[in-house]
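Chemist: Attaching a single structure in C-alpha cells format; questions to follow.
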Amino acid sequence: MFVKSYFANGSNLNPSCNLLDEADNCTGGGSVVNETVKVALVGCGAVSQLYYTPALQELEKNELLQVKALFDPNPDSVAQLNQSFPAATTIKNLAEISTNNIDLAIIASPPRFHAEQTIKLLKSGISVLCEKPMADTVAEAEAMIEAASESSGILAIGLFRRFFPATQTIHQILSRNMLGEVTSFYFSEGGYFQWPVQSPAYFQKSSAGGGVLLDIGVHLLDLTIWWMGEPVEVIYEDDAMGGIDVNCRIQCKFERGFTGEVRLSRDCDLPNRYVIRGTKGWLCWDVNEADKIQMGVEGSRFAINVQLHEIDTQNLFPKLGQPSFNFEQSFTSQICNVVAAMRGEETLIVPGEEGIRSLRLIESCYRHRNLMSMPWFSEAELTRAQQLSSGG
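Residue numbering for the sequence shown follows the numbering used here, beginning at 1 and increasing consecutively.
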C-alpha cells in the first residue's frame, strides 16, 4: 500500500528536492523505463539484514524491483539473506554483477570498500545506492562522483534521514525563518554501543577509518549542513588515543553569527535530541522520530507536540490527510526515489555531490582534532594520552 501511494500521488517526494534549494545538483537518470528494476545487494551484514531486507521485500511485493544477486565474503550472511530472497543468485565477485543484467547495486559493505566497489559498478553502467559514509576519505568520494559523471548509471548516497517528514519540515521552518533568526543549537546523539558487528575491524583505525564521528556523525552533520549551511569556524575534540574516537564534541560558528554544539558518543547515554533556538521560538527533534517534532513560541508557557500528516488537497480549506511516513517508510522511500530517478521520473534527493559535504567536514575535524579534556587523568597519564593522541 505504501509503495502504491508513493507513486500514485505523483511520487510524494518530488517536493523534497525543492527543499534542498539546490535542485540543479539533483540528478535523474532515465536508464530504466517502466521495468522491474533488478537489484544486487553488495554486503549482507547487519544493515542489509535489519534495514534493507524489509524495505526490499516490500518493494518486491509491489513489483517495483527484484533482488537478483547477493554478494558477501561471509557465506553465513549470504545464506541468511537468501532465505528472504530465494530467487537471488549468490555471486562470488563483483564482476559477476554485470553478467546478471543488474540495474541497481546497493553497496552495504564496510566503508573501506565503498569507493572501489562503487567505481567499478558505475564504470559498468550500473546505478549505485551507496550506504553512508560514502567513503573513508574526500578523495575517494570525489573519485566516486567523477565516475558517476562518466557513467550511464546514477550515484545515490544512503543518508536516508533526509527522507524523514520531520527533517524536511525542519528544513522548511528554518529556510522560512519561522523561528526568527537562529541563535544557537545543541545536537546530541549516542548511547552504549549495541550494533551487531561481525568483525573487530569496525573498531580498528586502519580498517574503520574513524569512530563515532564518521559513523553516527555523518548523519548528524549532513542534516546540520542541509539545515544551516556549512560552518565557517569549527573546534573539534575527541577521546582517541591512538585508536578511534568513542566520544567527540564539535563547536561550530556560522556566517550569520550563531553558534552550535554537537556531542556524539558510543559509551554514554546522551539525550538523543536536536534543539534549535531562534529569536521567535525553538524546536526539538528526537533522533529517528521520522514523523514528530516539538515547537515552542518565545514568551509562551505552552508548546506543541506535532504528529505530522500529509495535507489533504481535495478540500477547499486546509485539512489533515493521512499520517506522514514513519521511520520504515522513510527508509523505503529513499529506494523508491533512486528507482524513480533511474526512470527519469524524479530528481535524485541525495546524489554524491550532497553526500560528500558532511564527509568534507568530518575530514577537516579529524585533521584539526584536539584531545578531549579528561580531568580524571593524572599528570603522567595526561602526558601519555597526548602522546598517543598525536601519534606518538
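Note that beta-carbon positions come from the ideal geometry of N, C-alpha and C, so glycine has one too.
Applying the criterion that 16 or more other CB atoms from any shown protein chain within 10 Å of the CB defines a buried residue, is isoleucine 356 buried or exposed?
Modeler: In the sequence shown, residue 356 corresponds to position 356, counting from 1. Buried, since its Cβ has 16 or more Cβ neighbours within 10 Å.
Chemist: Can you tell me whether DSSP reads threonine 183 as helix, strand or coil?
Modeler: Reading the sequence shown from its first residue, position 183 is the one you call residue 183. Three-state DSSP puts threonine 183 in a strand.
Chemist: How far does the beta strand (DSSP E) with proline 54 in it extend, from its first residue to its last?
Modeler: Taking the sequence shown and counting its residues from 1, one reaches residue 54 at position 54. That residue, proline 54, is in no beta strand (DSSP E); its alpha helix (DSSP H) goes 53-61.
Chemist: Contact between the stretch 244-252 and the stretch 226-236 is defined here as three or more beta-carbon pairs at a separation below 8 Å; is this criterion met?
Modeler: A contact exists between the stretch 244-252 and the stretch 226-236.
Chemist: In three-state DSSP terms, what is serine 188?
Modeler: Position 188 of the sequence shown, counted from the first residue, corresponds to residue 188. Note: serine 188 maps to strand in three-state DSSP.
Chemist: Output the distance between the C-alpha atoms of serine 124 and valine 42, rounded to the nearest integer angstrom.
Modeler: As a working note, residue 124 is residue 124 in the sequence shown. As a working note, residue 42 is residue 42 in the sequence shown. Approximately 15 Å between the Cα atoms of the pair.
Chemist: Pairing CB atoms from the stretch 340-356 with CB atoms from the stretch 151-163, are three or more of them under 8 Å?
Modeler: Flag = yes, the stretch 340-356 and the stretch 151-163 touch.
Chemist: Give me whichever residues DSSP pairs with aspartate 215 in a beta bridge.
Modeler: The sequence position of residue 215 within the sequence shown is 215, counting from 1. Aspartate 215 pairs with nothing; no bridge assigned.
Chemist: From Gln66, Ala135, Lys319 and Glu58, pick the residue whose C-alpha is nearest to that of valine 39; which is it?
Modeler: Your numbering for residue 39 matches position 39 in the sequence shown. Out of Gln66, Ala135, Lys319 and Glu58, Gln66 has the C-alpha closest to the C-alpha of valine 39.
Chemist: According to DSSP, glutamate 116 sits in a beta bridge with which residue or residues?
Modeler: Residue mapping note: residue 116 aligns to position 116 of the sequence shown, counting from 1. For glutamate 116, which the question treats as bridged, DSSP gives no partner whatsoever.
Chemist: Kindly indicate the opening and closing residues of the beta strand (DSSP E) around leucine 174.
Modeler: Residue 174 sits at position 174 when you count from the first residue of the sequence shown. Counting along the chain, leucine 174 falls outside any beta strand (DSSP E), though it belongs to the alpha helix (DSSP H) covering 165-175.
Chemist: Since I believe leucine 129 is in contact with alanine 147 (beta carbons under 8 Å), could you give me their beta-carbon distance rounded to a whole number of angstroms?
Modeler: In the sequence shown, the residue the question calls residue 147 occupies position 147. In the sequence shown, the residue the question calls residue 129 occupies position 129. Rounded, the Cβ-Cβ distance is 15 Å, inconsistent with contact.
Chemist: Return the CA-CA distance between cysteine 336 and glutamine 204, expressed in angstroms with no decimal places.
Modeler: Taking the first residue of the sequence shown as position 1, residue 336 is located at position 336. Taking the first residue of the sequence shown as position 1, residue 204 is located at position 204. Approximately 34 Å between the Cα atoms of the pair.
Chemist: Since arginine 367 is in the alpha helix (DSSP H), which residue starts that stretch and which ends it?
Modeler: Sequence index remark: in the sequence shown, residue 367 carries index 367 (1-based). From DSSP, the alpha helix (DSSP H) with arginine 367 extends over 352-367.
Chemist: Alpha carbons only, please: which of Asp215, Tyr186, Lys280 and Ile107 is nearest the one belonging to tryptophan 195?
Modeler: Within the sequence shown, the letter at position 195 stands for residue 195. That would be Asp215, whose Cα lies nearest to the Cα of tryptophan 195.
Chemist: Using CA coordinates, which residue listed in Met178, Ser358, Ser364 and Gly191 is at the minimum distance from arginine 263?
Modeler: Here residue 263 refers to the residue found at position 263 when the sequence shown is read from its first residue. Ranking Met178, Ser358, Ser364 and Gly191 by Cα distance to arginine 263 puts Gly191 first.
Chemist: Would you list the one or two residues that DSSP bridges to lysine 319?
Modeler: Indexing the sequence shown from 1 puts residue 319 at position 319. DSSP, once it has assigned bridges, lists no residue as partnering lysine 319.
Chemist: Between Gly321, Leu70, Glu345 and Trp226, which has its C-alpha nearest serine 175's C-alpha?
Modeler: Taking the sequence shown and counting its residues from 1, the one referred to as residue 175 is at position 175. Closest by alpha carbon: Trp226.
Chemist: Taking just the CA atoms, how far does leucine 316 sit from lysine 132?
Modeler: Here residue 132 refers to the residue found at position 132 of the sequence shown. Here residue 316 refers to the residue found at position 316 of the sequence shown. About 42 Å.
Chemist: For the beta strand (DSSP E) that contains cysteine 248, what are its first and last residues?
Modeler: In the sequence shown, counting from the first residue as 1, residue 248 sits at position 248. 247-253 is the extent of the beta strand (DSSP E) around cysteine 248.
Chemist: Anyone know if the C-beta pair for valine 197 and alanine 108 falls short of 8 Å?
Modeler: Position 197 of the sequence shown, counted from the start, is the residue given in the question as residue 197. Position 108 of the sequence shown, counted from the start, is the residue given in the question as residue 108. No, the pair does not count as a contact, with Cβ atoms beyond the cut-off.
Chemist: I need the DSSP call for threonine 27, collapsed to helix, strand or coil.
Modeler: Against the sequence shown, residue 27 aligns to sequence position 27. Note that threonine 27 has pLDDT 48, beneath the 50 cutoff, so the model's placement of it is unreliable and the number below is only indicative. In this structure, threonine 27 counts as coil in the three-state DSSP scheme.
Chemist: One question on the structure: do alanine 115 and alanine 135 come within less than 8 Å of each other, judged by their Cβ atoms?
Modeler: Indexing the sequence shown from 1 puts residue 115 at position 115. Indexing the sequence shown from 1 puts residue 135 at position 135. Contact flag set, yes.
Chemist: Is it buried or exposed, tryptophan 376, if we count other Cβ atoms within 10 angstroms and call 16 or more buried?
Modeler: On the sequence shown, residue 376 is found 376 positions in, with the first residue counted as 1. That one is exposed.
Chemist: Given the structure, does glutamate 379 come close to the ligand SAH, in the sense that its CB is under 7 Å from one of the ligand's heavy atoms?
Modeler: As for the ligand SAH, it is missing from this structure, which has no ligand bound.
Chemist: What's the gap between the Cα of valine 297 and the Cα of aspartate 286?
Modeler: For the purposes of this step, residue 297 is identified with residue 297 of the sequence shown, where counting begins at 1. For the purposes of this step, residue 286 is identified with residue 286 of the sequence shown, where counting begins at 1. Using only the alpha carbons, I get a separation of about 18 Å.
Chemist: Hey, does proline 318 have any beta-carbon neighbour from chain C nearer than 8 Å?
Modeler: Annotation note: the requested chain C is absent from the structure, which comprises a single protein chain.
Chemist: First and last residue of the alpha helix (DSSP H) that includes isoleucine 335?
Modeler: As a first step, residue 335 must be located in the sequence shown, where it is residue number 335. Segment 327-342, the alpha helix (DSSP H) holding isoleucine 335.
Chemist: Indicate the three-state DSSP secondary structure (helix, strand or coil) for asparagine 101 in the structure shown.
Modeler: One-based indexing of the sequence shown puts residue 101 at position 101. If DSSP states are grouped into helix, strand and coil, asparagine 101 belongs with coil.
Chemist: Quick one: measure Cβ to Cβ for leucine 270 and lysine 292, integer angstroms, because I've assumed they're closer than 8 Å.
Modeler: As a first step, residue 270 must be located in the sequence shown, where it is residue number 270. As a first step, residue 292 must be located in the sequence shown, where it is residue number 292. Not really, about 19 Å apart at Cβ, beyond 8 Å.
Chemist: Are the stretch 383-392 and the stretch 357-375 touching by the rule of at least three beta carbon pairs closer than 8 Å?
Modeler: Yes: the two stretches touch, three or more of their Cβ pairs being nearer than 8 Å.
Chemist: I'd like to know whether the C-beta atoms of alanine 290 and phenylalanine 187 end up nearer to each other than 8 Å.
Modeler: Counting from 1 along the sequence shown, the entry for residue 290 is found at position 290. Counting from 1 along the sequence shown, the entry for residue 187 is found at position 187. No; because the gap between Cβ atoms is not below 8 Å, this pair is not in contact.
Chemist: Whose C-alpha, out of Gly281, Gly242 and Ser184, is nearest the C-alpha of methionine 178?
Modeler: Mapped onto the sequence shown, residue 178 falls at position 178. The shortest C-alpha separation from methionine 178 is found at Gly281.
Chemist: Taking just the CA atoms, how far does glycine 229 sit from arginine 301?
Modeler: By 1-based counting over the sequence shown, the position of residue 301 is 301. By 1-based counting over the sequence shown, the position of residue 229 is 229. Taking the straight line joining both Cα atoms gives about 31 Å.
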